[in-house]
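Trainee: Residue numbers (my numbering): 1 to 159. Here it is: the structure, laid out below.
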Amino acid sequence: MFTSLAEFSGANPHLALATGFLLNFAVAYVIIRFIYCRKAANRNFVFTFLAFNSVVYFIMGLFTSIELSIGAGFGLFALFSVLRYRTEAVPIRDMTYLFIMLSLPILNSIFFNSGEYGKIIVSNVLIAGVILFLETGIGFKNTLSKNLLYEKIELIKPE
């Protein structure tokens, strides 16, 4: 068994980074494409989810290659996780997926760089499984709501 990603990729750090990224992106793509998009009426955030996921993975790869602490990675994670888009309100469900897409590359990067390949597979499968379980609504009554904003309330008359 390989003890580090460098051994896995033949001591080539570029191949190691690319291999880890491809695994991370594949898991993120599966979660977004096959779980999120099944129920999402508005798919405007798909690009944002996958872009954030990719950028955070590469930043974590940079942190490990220049010997910065994982604490700096979690600081970056905290910064991104409190990020709010000021142009429009982001629904809580979409914010949850953004949080997942920010957490996934940190988790994958830490496990990949420590050689914990079994933990990568188990954690990614469990995360995707829990999300799928919650999205299917087993045991939950899902309700939909829509906010209506009337600009000219005086035009509304009872019949």
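Note that CB positions come from ideal geometry on N, CA and C, so glycine has one too. Predicted, not measured: the structure shown is a model, and the values here were computed from it.
(1) Tell me where the alpha helix (DSSP H) around Ser-109 begins and ends.
(2) Smallest Cα separation from Lys-119: which of Gly-129, Ala-128, Val-130, Leu-107?
(3) Taking the continuous alpha helix (DSSP H) assigned at Ile-127, which residues delimit it?
(4) What does a CB cutoff of less than 7 angstroms around Asn-12 pick up in its chain, not counting 5 residues either side in sequence?
(5) Distance, Cα to Cα, Val-130 vs Gly-137?
(6) Is the Cβ-Cβ distance between Phe-52 and Ile-32 less than 7 angstroms?
(7) By Cβ distance, which residues of its chain are closer than 8 angstroms to Phe-25, with the 5 residues on each side in sequence left out?
(8) Look up Ile-31 in the DSSP assignment and say whether it is helix, strand or coil.
(9) Mapping the DSSP letters down to three states, classify Arg-210 as helix, strand or coil.
(10) With a threshold of 16 other CB atoms inside 10 Å of the CB of Gly-20, please say whether the residue is buried or exposed.
(11) My output table needs one value for Tyr-150: the three-state DSSP class, helix, strand or coil.
(12) In three-state DSSP terms, what is Ile-201?
(13) For Leu-22, count neighbouring Cβ atoms within 10 angstroms of its own Cβ and tell me buried if that reaches 16, exposed if not.
Mentor: Per the coordinate set shown:
(1) First-last of the alpha helix (DSSP H) with Ser-109: 92–114.
(2) It is Leu-107 whose Cα lies nearest to the Cα of Lys-119.
(3) From DSSP, the alpha helix (DSSP H) with Ile-127 extends over 117–136.
(4) Listed in chain order, the non-local C-beta contacts of Asn-12 below 7 angstroms within the same chain number zero, local neighbours out to five positions each way being set aside.
(5) Those two C-alpha atoms are separated by around 11 angstroms.
(6) No, they are not a contact pair.
(7) Spatial neighbours of Phe-25 in its own chain (CB-CB distance under 8 angstroms, excluding positions within 5 residues in sequence) are listed in chain order as Leu-50, Asn-53, Ser-54, Tyr-57.
(8) In the structure shown, Ile-31 falls within a helical segment according to DSSP collapsed to helix, strand and coil.
(9) One cannot answer for residue 210 here, as it falls past the ends of the chain, which runs 1 to 159.
(10) By the neighbour-count rule (16 or more Cβ atoms within 10 Å), Gly-20 is buried.
(11) Coil at Tyr-150, not helix or strand.
(12) This structure cannot speak to residue 201, because the chain is shown only from 1 to 159.
(13) Counting Cβ neighbours within 10 Å, Leu-22 comes out exposed, since fewer than 16 surround it.
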